[in-house]
Amino acid sequence: MTDILLGQSYYLRFDPKLWDAMQPYPPLGTLYAAAYLRERGCSVALFDAMLADSTAGWSSALDQHRPRFAVLFEDNFNYLSKMSLLRMREAAFEMIAAARARGCTVIVCGADMTDHADLYLAQGAHYVLLGEGEATLGELIARLQADPSPSEADLYAILGLAYRHAGQMVQTPPRPVIRDLDALPLPAWDLVDRDRYRAIWRERHGYYSMNLVTTRGCPFHCNWCAKPIW
5 MTDILLGQSY YLRFDPKLWD AMQPYPPLGT LYAAAYLRER GCSVALFDAM
55 LADSTAGWSS ALDQHRPRFA VLFEDNFNYL SKMSLLRMRE AAFEMIAAAR
105 ARGCTVIVCG ADMTDHADLY LAQGAHYVLL GEGEATLGEL IARLQADPSP
155 SEADLYAILG LAYRHAGQMV QTPPRPVIRD LDALPLPAWD LVDRDRYRAI
205 WRERHGYYSM NLVTTRGCPF HCNWCAKPIW
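If you count the sequence shown from 1, position 22 lands on 26 in our numbering, and the numbers rise without skipping.
Laid out in structure tokens, this is it:
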């Protein structure tokens with residue numbers, strides 16, 4: 005068994021134009037979250053939706069790893085996942101339902117989740133991480149490991165969190181963004197099938213491209229992009 009199964013809901017297969025272009029990148033934001041949890045002693049596994057055929061792969065990963073926590077942590081460095089594509093939202097809802105059916109505590113994080121936390125809670129997510137998610141996720145997991153049924157006061161003490169209490173959605177005060185980026189561990193690249201990505205790139209384009217980031221946030225103000233997070 006694994007403590008935490010992480011995934012994301014951007015499936016290249018569900019985006020015909022981008023599937024035709026076939027320029028896939030691993031979910032870097034999700035890999036940062038995995039590394040952050042590992043550094044805090046959690047055992048983690050990854051379901052990489054980018055190259056998956058359908059949400060059935062997520063169900064198979066749940067059955068394989070039998071996690072206590074199922075976490076959809078969107079890749080906030082990939083502009084595609086910030087476009088709030090309705091098909092990807094539907095995929096996230098399917099993934100939430102599959103995890104709930106297996107008794108997992110479901111946690112979600114991403115731009116669409118931050119903007120529409122109520123929708124994800126209504127679909128069965130137990131907790132929504134608002135804004136930048138690593139620190140909130142680490143604190144929430146530690147709280148739930150110590151006490152599977154924390155008090156409302158304990159939950160409200162966690163910044164950047166949304167959950168239901170007495171039938172109503174509660175949003176805690178926002179969490180400041182991480183300013184010391186060097187304090188974050190490097191992404192958990194070992195969880196990704198890099199050979200598969202390399203083969204696709206070389207076959208389709210004749211070269212291999214990988215993704216990295218050197219900062220967080222952006223000096224611009226595009227309406228569709230990262231403002232819910234940064």
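Every residue, glycine too, gets a C-beta built ideally from N, C-alpha and C.
Residue burial classification, residue i (beta-carbon count within 10 angstroms, cutoff 16)
i, result
"GLU78", "buried"
"PRO191", "buried"
"TRP62", "buried"
"ASP116", "buried"
"ILE182", "exposed"
"ALA203", "exposed"
"TYR114", "Reading off the sequence, residue 114 comes out as Gly, not Tyr. It is buried - the Cβ of GLY114 has at least 16 other Cβ atoms within 10 Å."
"CYS226", "exposed"
"TYR211", "exposed"
"ALA245", "The displayed coordinates of the chain run from 5 to 234. Any statement about residue 245 would go beyond what the structure contains."
"HIS69", "buried"
"SER155", "exposed"
"MET214", "exposed"
"THR218", "exposed"
"TYR83", "exposed"
Start and end residues, beta strand (DSSP E) containing residue i
i, result
"ARG168", "165-169"
"MET173", "172-175"
"LEU10", "8-11"
Close beta carbons around residue i, own chain, < 8 angstroms, minus the five adjacent residues each side
i, result
"GLY11", "THR34, LEU50, PHE51, ASP52, ALA53, TRP62, ALA65, ALA74, VAL75, LEU76, PHE77, MET99"
"ARG44", "GLY142, ILE145, ALA146"
"ARG220", "GLU136, VAL181, ILE182, LEU185, TRP234"
"ALA121", "VAL132, LEU134, ALA166, MET173, GLN175"
"VAL48", "THR6, ASP7, ILE8, LEU9, LEU10, ALA38, LEU41, ARG42, ALA192, LEU195"
Contact with chain D by residue i, beta-carbon distance below 8 angstroms
i, result
"MET92", "Looking at the structure shown, chain D is missing, and only one protein chain is on hand."
Own chain, CB closer than 6 angstroms to residue i, minus 5 neighbours either side, in chain order
i, result
"PHE97", "GLN127"
"LEU163", "THR176, PRO177, ARG179"
Proximal residues to residue i (C-beta, below 7 angstroms), its chain only, five neighbours per side dropped
i, result
"GLY137", "ALA37, PHE77, CYS113"
Extent of the continuous alpha helix (DSSP H) to which residue i belongs
i, result
"HIS209", "198-209"
"TYR160", "156-160"
Is the number of C-beta pairs between the stretch 27-34 and the stretch 193-203 that are closer than 8 angstroms three or more?
-> Output reads yes: the stretch 193-203 touches the stretch 27-34.
Query raised in the report: Does the stretch 161-168 come close enough to the stretch 10-30 to have 3 or more Cβ pairs within less than 8 angstroms?
Result: No, because fewer than three Cβ pairs between the stretch 161-168 and the stretch 10-30 fall closer than 8 angstroms, the two stretches do not touch.
Validate contact between the stretch 94-112 and the stretch 125-137 using beta carbons, cut 8 angstroms, 3 pairs: Taking 8 angstroms as the limit for Cβ pairs, the verdict is that the stretch 125-137 does touch the stretch 94-112.
- Message: List, from N- to C-terminal side, the alpha helix (DSSP H) runs of 4 residues or more that fit wholly inside the stretch 19-82.
- Response: The stretch 19-82 contains these whole alpha helix (DSSP H) runs: 20-25, 32-43, 60-69.
Going along the chain, which unbroken runs of the beta strand (DSSP E) with 3 or more residues stay wholly within the stretch 76-138?
Within the stretch 76-138, the complete beta strand (DSSP E) runs of at least 3 residues are 109-113, 131-133.
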